[in-house]
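Residue numbers (the numbering used here), protein chains in the order written: chain R, 1 to 397; chain L, 1001 to 1105. Glycine included, C-beta positions come from ideal geometry on N, C-alpha and C. To start, the structure under review is shown below, and the notes come after it.
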Amino acid sequence: MGCVSALGPDVETFWGRARAGESAIGPLRNLDMGEVRFQNGAEIAGFVPAEHFEEKQLIPLDRFAQLAVVAARQAVRQAAPGWSEAERQQTAVVTGSCYGGKTSEDEGFREIYGSGGRRPRIHPMTIPRLMANAGSSWIAMEYGLQGPAYTVSTACSSANHAIGQAFWLVRNGICDVALTGGCEAPFTPGSMKAWEALRVVSGDTCRPFSKDRKGMVLGEGAAMLVLEAEERAKARGAEILGEIVGFGMSADAHHVTQPSVEGPALAIERALADGGVDGGAVGHINAHGTGTPANDPVETAAIRRVLGGQADRVRVTSTKSLHGHTLGAAGALEAVAAVLTLARGEAPPTANYLGPDPECDLPLILAPEACDAEYALSHSFAFGGLNAVLLFRAYRG
Amino acid sequence: MADGGFKRLGLVRKGANFAMLECMSDDIVQRVIKVVAEAQKLPIEKVTVDSTFEELAIDSLDGIQLLFHLESEFDINIPDEAARQVRGIRELAEGVEKLLAQKSA
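What follows is the structure, encoded as structure tokens:
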């Protein structure tokens, strides 16, 4: 696994801060936020592209694709997949991204529409930079991977959809190995104004499942995972961090921004059914938990509907309070958190909690705690009502 | 990493030769060379009027960016058709000169 996020430049830094419940949300420094009503976000501090890429390599790379490649390199270094040439031809790359290269697009369009009489010009690499599949393309080129490669764009569920499909490609024997995850760099003036207008972003911080929560807080980052069949990993003596055992998808078919209970509940049920696991066995949930007034009670009801009595015992957290809502990368960062929660037996708390909301009466993790769960769910419920849920299992050999 | 990707696009074609304009302005040639050297991160002495794109390892994506920078430098519009013909610095400078002449005509 590899990741770069507001919590830090790599998996160990991410985990060190996440397990301690340290929130990386703060004032956005790399962007002039002008009079935007919210000023906070989860920004990656100290990411210097030139430390990762040659000057010329950077020309066609938007920030979101830079993050994707950096996370993929970490994942490959850790997993050391030991590809044969034939396996490289069969390795899949499936990434999630909500926005694609919004930074480049926004910059270019500002030039066009705001050029006021001057001859408007746009950088010739704008198209290669902004295409949402850039992350997958550059990862495939980096390692010469020629299997199925594509990008899923389902807003906040993008990475979970991507990881789930990569998981199915490997489980069904279509690919030997898959590199999968999500990448997002949403901080541009235009998109911040758009989020402001939607009135779902909190003016202070992200307080999932808490009373007086005011909304989500945006974040940037990328996380990538190397997936392979258990036999292959064992045969080559790989360091196995965890197991994906189930994936479920659904659509609310209800409303573009208002969540429903039924859609998420279906996705959770389907992930459990896909893994052949009973809801009673789920010990941990990395919730979608955006901290918006609308999401958290609906997610609570969905969890209660599927898990029944187990919903009073399952330990729930939302790490979005730590690394922000990274949209198309959210499910990937949360997959890293869920895998490490099971592997290391400790669970990251939900930060910024002010007190209970009776409509969000889940057993929340509010301080660092031990975790002996065997199974963990990780939820992503996107705007547009598209839901994707992953089911992880602690790998016990 | 990036180079493999660039080369695979392979839009740079070889071959065609173009008649040299007799009165090419040295000022234009020098400005073209400067733009090329800066865009390609090459020491300026490596770029001469006789350099070909192949020698300078300028691939198709580089070429597109060169056109972008040249349009800025000379405040001209370089049409796609004209751009496709160019294989080296001399042709680049000739093309720029032609477009500048059209502009002032």
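CB contact flag (residue i, residue j, <7 Å)
i, j, result
"residue 274(R)", "residue 248(R)", "yes"
"residue 37(R)", "residue 196(R)", "yes"
"residue 319(R)", "residue 360(R)", "no"
"residue 1048(L)", "residue 1087(L)", "no"
"residue 218(R)", "residue 324(R)", "yes"
"residue 271(R)", "residue 391(R)", "yes"
"residue 108(R)", "residue 122(R)", "yes"
"residue 236(R)", "residue 82(R)", "yes"
"residue 175(R)", "residue 90(R)", "yes"
"residue 333(R)", "residue 166(R)", "no"
"residue 377(R)", "residue 282(R)", "yes"
"residue 7(R)", "residue 17(R)", "yes"
"residue 215(R)", "residue 201(R)", "yes"
"residue 337(R)", "residue 349(R)", "no"
"residue 288(R)", "residue 379(R)", "yes"
"residue 112(R)", "residue 124(R)", "no"
"residue 244(R)", "residue 233(R)", "no"
"residue 93(R)", "residue 136(R)", "yes"
"residue 68(R)", "residue 4(R)", "no"
"residue 169(R)", "residue 139(R)", "no"
"residue 302(R)", "residue 156(R)", "no"
"residue 96(R)", "residue 164(R)", "no"
"residue 369(R)", "residue 394(R)", "no"
"residue 1082(L)", "residue 1095(L)", "yes"
"residue 1028(L)", "residue 1093(L)", "yes"
"residue 208(R)", "residue 291(R)", "yes"
Simplified DSSP state of residue i, which is helix, strand or coil
i, result
"residue 325(R)", "strand"
"residue 1021(L)", "With a pLDDT of only 43 at residue 1021(L), under the threshold of 50, the placement of this residue in the model should not be trusted; the figure read from the coordinates follows. Coil at residue 1021(L), not helix or strand."
"residue 160(R)", "helix"
"residue 123(R)", "coil"
"residue 397(R)", "coil"
"residue 1101(L)", "helix"
"residue 175(R)", "coil"
"residue 368(R)", "coil"
"residue 184(R)", "strand"
"residue 1039(L)", "helix"
"residue 155(R)", "helix"
"residue 1079(L)", "coil"
"residue 85(R)", "helix"
"residue 1056(L)", "coil"
Residue range of the beta strand (DSSP E) that includes residue i
i, result
"residue 224(R)", "221-228"
"residue 110(R)", "Not the beta strand (DSSP E): residue 110(R) falls in the alpha helix (DSSP H), residues 102-113."
"residue 210(R)", "Taken as a continuous stretch (DSSP letters only), residue 210(R) belongs to no beta strand (DSSP E), as it is neither H nor E."
"residue 5(R)", "2-5"
"residue 251(R)", "243-251"
"residue 317(R)", "315-317"
"residue 284(R)", "282-286"
"residue 289(R)", "No beta strand (DSSP E) contains residue 289(R), which DSSP labels as neither H nor E."
Opening and closing residue of the alpha helix (DSSP H) in which residue i lies
i, result
"residue 136(R)", "134-143"
"residue 70(R)", "63-79"
"residue 201(R)", "From DSSP, residue 201(R) is part of no alpha helix (DSSP H); its letter is neither H nor E."
"residue 380(R)", "That residue, residue 380(R), is in no alpha helix (DSSP H); its beta strand (DSSP E) goes 375-382."
"residue 149(R)", "First-last for residue 149(R): 149-152, but that is the beta strand (DSSP E), not the alpha helix (DSSP H)."
"residue 275(R)", "262-275"
"residue 300(R)", "295-307"
"residue 94(R)", "Careful: residue 94(R) lies outside any alpha helix (DSSP H), inside the beta strand (DSSP E) at 92-96."
"residue 255(R)", "Careful: residue 255(R) lies outside any alpha helix (DSSP H) and carries neither H nor E."
"residue 1064(L)", "1060-1074"
"residue 385(R)", "Here residue 385(R) belongs to no alpha helix (DSSP H), and DSSP marks it neither H nor E."
"residue 336(R)", "330-344"
Check: residue i C-beta below 6 Å from any heavy atom of the ligand ADP
i, result
"residue 120(R)", "In the structure shown, the ligand ADP is absent, as is every other ligand, since no ligand is present at all."
Under 8 Å, with one C-beta from each stretch per pair, do the region 154-162 of chain R and the region 196-212 of chain R reach the 3-pair mark? no
Any chance the region 90-109 of chain R sits against the region 58-73 of chain R, with 3 or more Cβ pairs inside 8 Å? yes
May I ask you to list, following chain order, the residues of the region 1065-1091 of chain L that have a beta carbon less than 8 Å from some beta carbon of chain R? 1065, 1067, 1068, 1071, 1072, 1075
Please identify, using Cβ separations under 9 Å, the residues of the region 42-69 of chain R that lie next to chain L, in order along the chain. 53, 54, 55, 56, 57, 58, 59, 60, 61, 69
The region 1034-1060 of chain L: positions lying closer than 7 Å to chain R by Cβ: 1041
Would you be able to state if there are at least three C-beta pairs under 8 Å between the region 244-260 of chain R and the region 381-397 of chain R? yes
According to a CB-to-CB cut-off of less than 8 Å, which residues of the region 71-94 of chain R neighbour chain L? none
Any C-beta of chain L within less than 8 Å: which residues of the region 210-227 of chain R qualify? none
For the pair the region 1064-1072 of chain L and the region 1031-1045 of chain L, tell me if three or more CB-CB distances fall below 8 Å. yes
Pairs of beta-carbons, one from the region 134-152 of chain R and one from the region 25-39 of chain R, closer than 8 Å: are there three or more? No, because fewer than three Cβ pairs between the region 134-152 of chain R and the region 25-39 of chain R fall closer than 8 Å, the two stretches do not touch.
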